[in-house]
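Asker: Starting off with a structure, shown below.
In the working numbering, the protein residues as written are 2 to 191.
Structure representation (structure tokens):
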């Protein structure tokens, strides 16, 4: 190879570089502007995406809370409608006595009491009575009492053996809540 060919190659290279140089600069600038546009569009979009995701999570949480509140409201409404009022409370005592009779349990007497609650939305009604009879019959009576009226709860329960009868005596205090406070009975003079 002689030196003339190297110079000639370098002249060709110089001529080509005159045309390729601006093209190379345009290519580099296009690449830089593409990266800049990507960053200019991507990072704000990513921030918006994170913001929208957070808002979506918050709305899902709110929706879950609202559904739970609706379900709770439905349950409370159902329970509230199932609670007896003061008129049904006296009928309830007769129903309890009938249930005892069906199960061969004797209830010699039943007392009741009303207590207003602090929030004034409901009243607590309480029955107190003794149930006498065979243990199996009383156990079945208590089971059916809890099953038939789920809004009744046994507040106090004590057991004694009966010396007069063959069996046991259960002292029960059964309570429920009433929708309203019963009107006091007005005494009339005769």
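Every residue gets a Cβ at the ideal spot worked out from N, C-alpha and C, and that includes glycine.
In three-state terms, what does DSSP make of residue 19?
Answerer: Here residue 19 refers to the residue found at position 18 of the chain shown. It is helical.
Asker: Per DSSP, residue 117 forms a beta bridge with which residues?
Answerer: Within the chain shown, the letter at position 116 stands for residue 117. DSSP, once it has assigned bridges, lists 124 as partnering residue 117.
Asker: For residue 141, does the three-state DSSP call read helix, strand or coil?
Answerer: Mapped onto the chain shown, residue 141 falls at position 140. It is helical.
Asker: Looking only at C-alpha atoms, which of 139, 54 and 123 sits nearest to residue 176?
Answerer: Within the chain shown, numbered from 1, the residue matching residue 176 stands at position 175. Looking at the Cα atoms, 123 is the closest of the given residues.
Asker: Have a look at 32, 16, 169 and 90 and flag the residue whose alpha-carbon is nearest the alpha-carbon of residue 181.
Answerer: On the chain shown, position 180 is the one that residue 181 refers to. Answer by Cα proximity: 90.
Asker: Counting beta carbon pairs with one atom in the stretch 163–174 and one in the stretch 63–81, are three or more of them shorter than 8 Å?
Answerer: Taking 8 Å as the limit for Cβ pairs, the verdict is that the stretch 163–174 does not touch the stretch 63–81.
Asker: I need the straight-line Cα distance from residue 186 to residue 56, nearest angstrom please.
Answerer: Here residue 186 corresponds to residue number 185 of the chain shown, with the count starting at 1. Here residue 56 corresponds to residue number 55 of the chain shown, with the count starting at 1. Residue placement at residue 186 is poorly supported in this model, since its pLDDT is 49, which falls under 50; the coordinates still yield a value, given next. Using only the alpha carbons, I get a separation of about 59 Å.
Asker: Could you round the C-beta distance between residue 132 and residue 106 to whole angstroms and report it? I think they count as a contact, below 8 Å.
Answerer: Numbered from its first residue, the chain shown carries residue 132 at position 131. Numbered from its first residue, the chain shown carries residue 106 at position 105. That belief holds up - the Cβ atoms of residue 132 and residue 106 are roughly 5 Å apart, short of 8 Å.
Asker: For the stretch 145–152 against the stretch 93–112, do three or more pairs of beta-carbon atoms, one drawn from each stretch, fall closer than 8 Å, so that the two count as touching?
Answerer: Yes, they touch.
Asker: Assuming residue 179 and residue 126 make a contact with CB atoms under 8 Å, what is their CB distance in whole Å?
Answerer: Start at 1 with the first residue of the chain shown, and residue 179 comes out as number 178. Start at 1 with the first residue of the chain shown, and residue 126 comes out as number 125. Contact flag correct, Cβ pair sits at about 5 Å.
Asker: Rounded to whole angstroms, what is the Cα-Cα separation between residue 160 and residue 141?
Answerer: Taking the first residue of the chain shown as position 1, residue 160 is located at position 159. Taking the first residue of the chain shown as position 1, residue 141 is located at position 140. C-alpha separation (whole angstroms): 15 Å.
Asker: Give the single residue among 30, 28, 32 and 137 whose Cα lies nearest to the Cα of residue 101.
Answerer: Stepping through the chain shown from its first residue, residue 101 is reached at position 100. Selected option, being the one with the closest Cα: 137.
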